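Novice: One structure is given below, represented as structure tokens, and several questions about it will come after.
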Amino acid sequence: MSRRPLVAGNWKMFKTRGEALAFADGLKQGLGTSGDVEIAICPPFTSLDVLASAFAGSGVGVFGQNGHEDANGAHTGEISMEMLVDAGASGVLLGHSERRADNNETDQALARKVPAALAAGLTPVLCIGESEFERDSGTTKAVLDRQVLEGLSGVAIGDFAKVVVAYEPIWAIGTGKSATPEIAQEAHRWIRDQLREICQDAADQIRILYGGSVKPENAAELLSQPDIDGALVGGAALEPDSLLAIAAAATS
Ligand code: PGA
12 MSRRPLVAGN
22 WKMFKTRGEA
32 LAFADGLKQG
42 LGTSGDVEIA
52 ICPPFTSLDV
62 LASAFAGSGV
72 GVFGQNGHED
82 ANGAHTGEIS
92 MEMLVDAGAS
102 GVLLGHSERR
112 ADNNETDQAL
122 ARKVPAALAA
132 GLTPVLCIGE
142 SEFERDSGTT
152 KAVLDRQVLE
162 GLSGVAIGDF
172 AKVVVAYEPI
182 WAIGTGKSAT
192 PEIAQEAHRW
202 IRDQLREICQ
212 DAADQIRILY
222 GGSVKPENAA
232 ELLSQPDIDG
242 ALVGGAALEP
252 DSLLAIAAAA
262 TS
């Protein structure tokens, strides 16, 4: 089963609109060297529309970093999936560990957000991953099971193939300490096996990205694993050249 790799750059709370446009110029200059890989940038909300315009026609997508499940309402500080689409987004990160930790985002909330994203026509990227404590105490697989099964519990069977899952062990995020290819592959295989229980054949179509200290130096080894279908990249996605090098590694 061949799955088109996806390399998504999670900018977190970095870059003004001017900086985002400078990045877009640099990235566009290097496109075409990276082979058949889908690239998406997840900027802060303020840069969604300028980046979507800058990338129009280039094939590079723009994703939100979060979205609310309601179409509108009294939710100060939130934006809806429809608003993301209106700003030019084609996908959305959901359940990043920083949001789970800082904004108390729960599996129950994600179970509502994922179908809301799909209904708006967005590609949801459900982020999951265990903490260092959970890994050390042998509960990694139970944690991944819970996050996948609950987070995707609202998805209609016909929509599963549109979902993307990002496995991001929390101990590897922003630490420079990436999972080894073996550890990552074992987790990805486990996640795909769990997906098979809930959506049968679509499990082979769902892209599972690895995230956590991905950089040009370790990307090829990680992305050559059979169940790793791309990367969710934080720090190394802030410069066009390093993101392009990771994208190139995804197809090599
Ligand atoms: P990192 O972040 O690549 O800087 O570890 C990944 C992420 O948080 O998505």
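Numbering (our numbering), first residue to last: 12 to 263.
Ideal placement from N, C-alpha and C gives every residue a C-beta, glycine not left out.
This one's a predicted model, so the numbers in the text were calculated from it and none came from an experiment.
1) Report the three-state DSSP secondary structure of residue 199 (helix, strand or coil).
2) Assuming residue 104 and residue 21 are in contact, meaning their beta carbons sit under 8 Å apart, how far apart are those beta carbons, in whole angstroms?
3) In terms of residue numbering, what span does the beta strand (DSSP E) encompassing residue 74 cover?
4) Write down every uninterrupted run of the beta strand (DSSP E) in the stretch 125-181 whose length is 3 residues or greater and which is fully enclosed by it, in chain order.
5) Could you tell me whether any non-hydrogen atom of ligand 1 is closer than 7 Å to the CB of residue 247?
6) Using the DSSP secondary-structure output, state which residues sit across from residue 49 in a beta bridge.
7) Is the Cβ-Cβ distance between residue 261 and residue 217 less than 8 Å?
8) Using the rule of at least 16 other Cβ atoms within 10 Å of the residue's Cβ for burial, across every protein chain shown, is residue 208 buried or exposed?
9) Please determine if the stretch 232-247 and the stretch 19-38 are in contact, where contact requires at least 3 C-beta pairs separated by less than 8 Å.
10) What's the C-alpha gap between residue 118 and residue 162?
11) Is residue 223 helix, strand or coil when you go by DSSP?
12) Assuming residue 63 contacts residue 106 under a Cβ cut-off of 8 Å, what Cβ separation, rounded to an integer in Å, is found between them?
13) Could you check the C-alpha separation between residue 150 and residue 191 for me, to the nearest Å?
14) Out of 184, 92, 50, state which residue places its alpha-carbon closest to the alpha-carbon of residue 121.
15) Specify, as a first and last residue, the run of the beta strand (DSSP E) that residue 243 falls within.
16) Just to confirm the assignment: which complete alpha helix (DSSP H) runs, minimum length 4, are found wholly within the stretch 63-113?
17) Identify every residue that forms a DSSP beta bridge with residue 218.
18) Would a C-beta distance cut-off of 8 Å place residue 238 and residue 257 closer than the cut-off?
19) Spell out a yes or no on whether the stretch 67-75 and the stretch 34-43 are touching, meaning 3 or more CB-CB pairs, one atom from each, closer than 8 Å.
20) With respect to 7 Å, is the separation between the Cβ of residue 243 and the closest non-hydrogen atom of ligand 1 below this value?
21) Contact check, residue 199 vs residue 236 under 8 Å by CB: the rounded distance?
Specialist: Working from what's here:
1) helix
2) 6 Å
3) 72-75
4) 134-139, 175-178
5) yes
6) 17
7) no
8) exposed
9) yes
10) 5 Å
11) coil
12) At roughly 23 Å, the Cβ-Cβ gap does not stay under 8 Å, so residue 63 and residue 106 are not in contact.
13) 18 Å
14) 92
15) 241-244
16) 92-97, 108-113
17) 175
18) no
19) yes
20) yes
21) 7 Å
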